[in-house]
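Structure first, commentary second.
In the numbering used here, the protein residues as written are 1 to 279.
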């Protein structure tokens, strides 16, 4: 079985406070985009075998795909194994949910492969045991996410939009990014960007893009800062770092405009992608 695992970007990310359980309370708008990894899955007699086209990806229990497969086979009491080959395009440590979306695709694919008929709600519940972003990746589209990111609310689908995504050489550990959190200002109002999405006004959406992690990461990371300055030097509706970084994207209402930016950006950044919203 072959399945696609789509990346996500954040249109909005506000950190509300640190919780007693050690996690952070978030309020986000997440959006699926057409950048994807491809997973090739087949049944084997026993065990879990992970292969990947990228050499630095772990192939054991540290891999989210392995975790998802092991969890699924155990909870469904399936006395069989799986071999999964990951053809990876989504950069790692980029804030694009590459590991989370691969795990989500694994759960969805195994549910189909073994005809276990789990509902989407059951898959989301299982997904949360693998990671906070995995439930969103089960659903995809445009969602407001609260809690750790697992409490999902539907919002109007994003109008067709185009994105140029670049991943500078720098990487950011999510754990490290959260360690920098220091609530010293009022929460930013998420209602403005939700209203902009509902009105299908891409220009207004671009003006209300927000990611609190930019306050902690960009001033102290030269490569990420230069990447954002580079993308923001072109015509766009808005420009933002996604997740805890390090990927930066520019938002475009015009495919022609996005292609022009991509053509130039691709010459400067190896990890550069042109994609559109996926609902």
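For glycine and all other residues, C-beta sits at the position ideal for the given N, C-alpha and C. From a predicted model like this one, the values you see are computed outputs, not experimental measurements.
Asked                                                                                                                               : Found
Nearest by alpha-carbon distance to residue 247: which of 26, 217, 111 is it?                                                       : 217
Three-state secondary structure (DSSP) at residue 77?                                                                               : coil
Going by C-alpha distance, which of 10, 4, 15, 7 is nearest residue 188?                                                            : 15
Measure the CB-CB distance between residue 273 and residue 172 and report whether it falls below 9 angstroms.                       : no
Residue ranges of each alpha helix (DSSP H) run of no fewer than 4 residues wholly in the stretch 116-166, ordered along the chain? : 120-128, 134-139
Can you tell me which of the three DSSP states residue 85 falls into?                                                               : strand
For residue 112, which of 143, 279, 50, 42 has the nearest alpha-carbon?                                                            : 42
Taking 9 angstroms as the cut-off, decide whether the C-beta atoms of residue 99 and residue 91 are in contact.                     : no
Out of 227, 192, 223, which has the shortest C-alpha to C-alpha gap to residue 210?                                                 : 192
Does the distance from the CB of residue 243 to the CB of residue 142 come in under 9 angstroms?                                    : no
On the DSSP letters alone, give me the boundaries of the beta strand (DSSP E) that residue 18 sits inside.                          : 2-18
Residue 280: which of 279, 177, 213 sits nearest, CA to CA?                                                                         : Residue 280 falls outside the range modelled here, since the chain spans only 1 to 279, and no answer is possible.
Output the distance between the C-alpha atoms of residue 230 and residue 166, rounded to the nearest integer angstrom.              : 10 angstroms
With H, G and I counted as helix, E and B as strand and the rest as coil, what does DSSP make of residue 190?                       : coil
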